[in-house]
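Number of protein chains: 2
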Amino acid sequence: MEKRDELYAGKAKSVYTTDDADKLVIVFRNDTSAFDGKKKEALDRKGAVNNQFNAAIMEKLQAAGIPTHFEKLLSNTECVVKKLEMIPLECVVRNIAAGSIVRRLGVEEGKALNSPTFELFLKDDALGDPMINEYHVRSFGWAEPEHLEKMKELTFKVNDVLKQLFLDANMLLVDYKLEFGLFHGEVVLGDEFSPDGCRLWDKDTREKMDKDRFRQGLGNVVEAYEEVGHRLGITFQYD
Amino acid sequence: MEKRDELYAGKAKSVYTTDDADKLVIVFRNDTSAFDGKKKEALDRKGAVNNQFNAAIMEKLQAAGIPTHFEKLLSNTECVVKKLEMIPLECVVRNIAAGSIVRRLGVEEGKALNSPTFELFLKDDALGDPMINEYHVRSFGWAEPEHLEKMKELTFKVNDVLKQLFLDANMLLVDYKLEFGLFHGEVVLGDEFSPDGCRLWDKDTREKMDKDRFRQGLGNVVEAYEEVGHRLGITFQYD
Ligand SMILES: Nc1ncnc2c1ncn2[C@@H]1O[C@H](COP(=O)(O)OP(=O)(O)O)[C@@H](O)[C@H]1O
Ligand SMILES: Nc1ncnc2c1ncn2[C@@H]1O[C@H](COP(=O)(O)OP(=O)(O)O)[C@@H](O)[C@H]1O
Ligand SMILES: [Mg+2]
Ligand SMILES: [Mg+2]
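Top line first, the protein sequences correspond to chains A and B. FYI, the UniProt record's numbering numbers position 165 of the first sequence as 165, with every residue one higher than the one before it. FYI, the UniProt record's numbering numbers position 125 of the second sequence as 125, with every residue one higher than the one before it.
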């Protein structure tokens with residue numbers, strides 16, 4: 001697998017073409033951002049931790065029957081993935097109220113939801129990733145209706161798998177964001193699953209073990225990510 | 001029908017109990033508000049115009065098989081309605097992009113949508129009526145799933161009826177907001193349908209004939225509402 005040109009650099013990862021037209025290399029950088037990029041910092045070891053964390057989760061999901069883009073680890077901070085035609089939507093499931101929903105809907109942080117919510121956001125930095133619904137997706141053509149159905153089905157399936165996985169390691173999966181793309185016409189889970197894109201609380205103390213530590217300036221951000229990984233049995237390699 | 005105590009006063013209407021426990025009187029006031037009540041004005045004749053306009057529309061909808069709360073006109077500014085247990089949701093359908101969706105999703109005002117969108121807002125002044133989705137309704141118990149289904153069905157049915165009604169009078173029904181409630185367990189259209197809660201454009205000139213004239217300080221607000229009524233064959237009575 002030969003890494004070639006940078007295709008694009010996002011806020012936390014960079015994506016490279018390879019000698020295989022169907023494969024990309026994703027480089028997990030230390031860059032961390034929040035609040036539409038208004039808060040930014042490079043956090044030591046984060047790239048390596050998220051890359052290896054994501055690899056472990058993607059393998060679990062794949063094993064549970066969820067098609068993912070993940071192929072293999074390439075180095076401590078890099079992995080090989082299927083090249084997807086990304087769908088510009090973020091799929092969010094919430095099991096417990098936290099973050100934006102608390103402010104927007106006036107619910108108490110930590111309130112367990114009667115049933116998990118599914119939310120859609122348009123992935124558009126300039127617009128601040130606005131919340132949308134399924135009618136908007138259809139009216140503006142952001143995804144085919146049948147692809148959206150599949151994304152929803154897979155997003156909930158991920159919840160079944162990961163809620164239990166984290167619970168078994170004494171953590172609560174509060175919420176998470178997924179991105180999907182098309183691989184030769186099939187809806188496939190892309191991007192990453194890491195503490196950068198979900199909320200995880202210690203089950204007993206409800207201590208935050210995710211990117212909210214960065215957003216809220218609580219410190220020990222990467223240390224918390226590592227602790228999440230250790231509880232799941234992941235051993236991290238660093239350069 | 002004896003009007004008794006004021007039950008509540010909203011931003012544009014006041015609601016009174018009557019000697020019939022199942023009936024209320026709604027008084028349409030001249031008060032007009034926008035931007036979460038930040039812009040406010042009393043507009044001469046508006047109460048009478050909206051009351052009589054609403055009566056005519058509710059009768060059309062009732063005739064088309066949509067259950068409404070409307071019973072009869074009581075005076076130029078008052079009508080008798082069924083007392084509903086209101087559901088705290090606003091149902092919005094858009095046929096053409098205008099208003100908040102233009103800013104939020106970066107679409108051009110006036111763009112015809114491929115298919116109408118359905119949006120839900122939580123009716124909560126303190127929270128600024130945030131947009132929500134059907135999962136939120138379920139998770140937070142704002143309506144029973146089967147009631148929400150019915151609201152959606154009726155909201156789209158209103159579109160079929162009114163799009164054509166306005167088109168026949170050379171106007172475009174751009175978007176509108178409906179509120180529903182329960183009457184002895186049945187989902188019934190409540191509140192009002194008037195140029196205060198919808199957008200109507202002249203079909204040829206695209207001149208605004210609705211509350212956007214007030215929001216945008218275009219003047220001749222009530223005159224435009226009257227013109228909409230006249231085009232539909234409504235003759236208004238004033239005190
Ligand atoms: N398998 C894939 N194929 C193509 N693009 C991908 C794939 N997985 C993720 N991406 C894209 O790569 C970028 C990841 O970089 P990231 O730093 O997360 O970007 P962003 O700032 O947009 O969140 C995103 O634009 C994401 O949509
Ligand atoms: N049939 C009905 N039964 C009970 N309440 C109603 C009915 N129709 C409308 N309402 C309520 O009456 C009030 C109407 O007044 P309005 O000035 O529109 O209030 P708001 O400021 O909340 O928009 C709203 O709270 C609305 O929900
Ligand atoms: Mg990203
Ligand atoms: Mg109102």
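Beta carbons are placed, not taken as given, at the ideal position from N, Cα and C, and that holds for glycine.
(request) Give the range of the alpha helix (DSSP H) segment to which residue 165(B) is assigned. (result) The residue given as residue 165(B) occupies position 165 in the second sequence. From DSSP, the alpha helix (DSSP H) with residue 165(B) extends over 145-168.
(message) Taking the alpha carbon of residue 169(A) as the reference point, which residue from 147(A), 149(A), 160(A) and 231(A) has its own alpha carbon closest?
(response) The residue you call residue 169(A) lines up with position 169 of the first sequence. Ranking the options by Cα distance to residue 169(A), first place goes to 231(A).
(message) Under 8 Å: do the segment 163-179 of chain A and the segment 93-105 of chain A share three or more Cβ pairs, one atom per stretch?
(response) yes
(message) One question on the structure: do residue 12(B) and residue 31(B) come within less than 7 Å of each other, judged by their Cβ atoms?
(response) Start at 1 with the first residue of the second sequence, and residue 12(B) comes out as number 12. Start at 1 with the first residue of the second sequence, and residue 31(B) comes out as number 31. Yes. Within cutoff.
(request) Excluding the 5 residues preceding and the 5 following residue 67(A) in the sequence, name in chain order all residues of the same chain whose CB lies nearer than 7 Å to its CB. (result) Within the first sequence, residue 67(A) is the residue found at index 67, counting from 1. Cβ within range, chain order: 186, 188 and 189.
(message) Can you tell me where the beta strand (DSSP E) holding residue 115(A) begins and where it ends?
(response) Position 115 of the first sequence holds residue 115(A). Counting along the chain, the beta strand (DSSP E) containing residue 115(A) begins and ends at 112-122.
(message) Using only the alpha-carbon positions, how far apart do residue 15(B) and residue 210(B) sit?
(response) Along the second sequence, read from residue 1 onward, the residue named residue 15(B) stands at position 15. Along the second sequence, read from residue 1 onward, the residue named residue 210(B) stands at position 210. When rounded, the distance between both Cα atoms is 23 Å.
(message) Strictly below 9 Å CB to CB, what residues from chain B border residue 105(A)?
(response) In the first sequence, counting from the first residue as 1, residue 105(A) sits at position 105. What residue 105(A) touches in chain B: 122, 124, 127, 130, 132, 136 and 140.
(message) If the criterion is Cβ atoms closer than 7 Å, does the pair residue 222(B) and residue 40(B) meet it?
(response) Against the second sequence, residue 222(B) aligns to sequence position 222. Against the second sequence, residue 40(B) aligns to sequence position 40. No, Cβ-Cβ distance for residue 222(B) and residue 40(B) is not below 7 Å.
(message) Could you tell me which whole beta strand (DSSP E) segments of length 3 or greater appear in the segment 198-234 of chain B?
(response) 198-202
(request) Starting from residue 8(A), trace the beta strand (DSSP E) both ways and give me its first and last residue. (result) Position 8 of the first sequence, counting from 1, holds the residue named residue 8(A). Residues 3-9.
(request) Taking only heavy atoms of ligand 4 into account, decide whether any of them is closer than 6 Å to the Cβ of residue 10(B). (result) The sequence position of residue 10(B) within the second sequence is 10, counting from 1. Answer for residue 10(B): yes, Cβ within range of ligand 4.
(request) Report the option in 172(B), 215(B) and 164(B) whose CA atom is closest to the CA atom of residue 61(B). (result) Taking the second sequence and counting its residues from 1, the one referred to as residue 61(B) is at position 61. Looking at the Cα atoms, 164(B) is the closest of the given residues.
(request) Would you tell me roughly how many angstroms separate the C-alpha atoms of residue 143(B) and residue 99(A), rounded to the nearest one? (result) Along the second sequence, read from residue 1 onward, the residue named residue 143(B) stands at position 143. Along the first sequence, read from residue 1 onward, the residue named residue 99(A) stands at position 99. C-alpha separation (whole angstroms): 24 Å.
(request) Rounded to whole angstroms, what's the CA-CA distance from residue 219(A) to residue 135(A)? Just pull it up for me. (result) In the first sequence, residue 219(A) corresponds to position 219, counting from 1. In the first sequence, residue 135(A) corresponds to position 135, counting from 1. Residue 219(A) and residue 135(A): Cα-Cα distance of roughly 40 Å.
(request) Using three-state DSSP, classify residue 109(B) as helix, strand or coil. (result) For the purposes of this step, residue 109(B) is taken as the residue at position 109 of the second sequence. Of the three classes helix, strand and coil, the one that applies to residue 109(B) here is coil, per DSSP.
(message) Can you tell me whether residue 100(A) is helix, strand or coil according to DSSP?
(response) Residue numbering aside, residue 100(A) sits at position 100 when the first sequence is read from its first letter. In this structure, residue 100(A) counts as helix in the three-state DSSP scheme.
(message) Between which two residues does the beta strand (DSSP E) holding residue 75(B) run?
(response) By 1-based counting over the second sequence, the position of residue 75(B) is 75. It spans 70-75 - the beta strand (DSSP E) in which residue 75(B) sits, taken as one unbroken run.
(request) Find the residues of chain A that neighbour residue 218(B), judging by a C-beta separation of less than 9 Å, and give them in chain order. (result) Stepping through the second sequence from its first residue, residue 218(B) is reached at position 218. In chain order: nothing, as chain A lies at least about 27 Å away.
(message) Restricting to Cα atoms, I'd like to know which of 118(A), 111(A) and 140(A) is closest to residue 154(A).
(response) Translated into the one-based positions of the first sequence, residue 154(A) becomes position 154. Here the closest residue by C-alpha is 118(A).
(message) Here's a check: name, in chain order, each residue in its chain whose Cβ is nearer than 7 Å to the Cβ of residue 238(B), leaving out the five neighbours to either side.
(response) Position 238 of the second sequence, counting from 1, holds the residue named residue 238(B). Excluding positions up to five away in sequence, the list reads 45, 48 and 76.
(message) Could you compute how far the alpha carbon of residue 123(B) sits from the alpha carbon of residue 225(A)?
(response) Along the second sequence, read from residue 1 onward, the residue named residue 123(B) stands at position 123. Along the first sequence, read from residue 1 onward, the residue named residue 225(A) stands at position 225. Spanning the two alpha carbons is a distance of roughly 39 Å.
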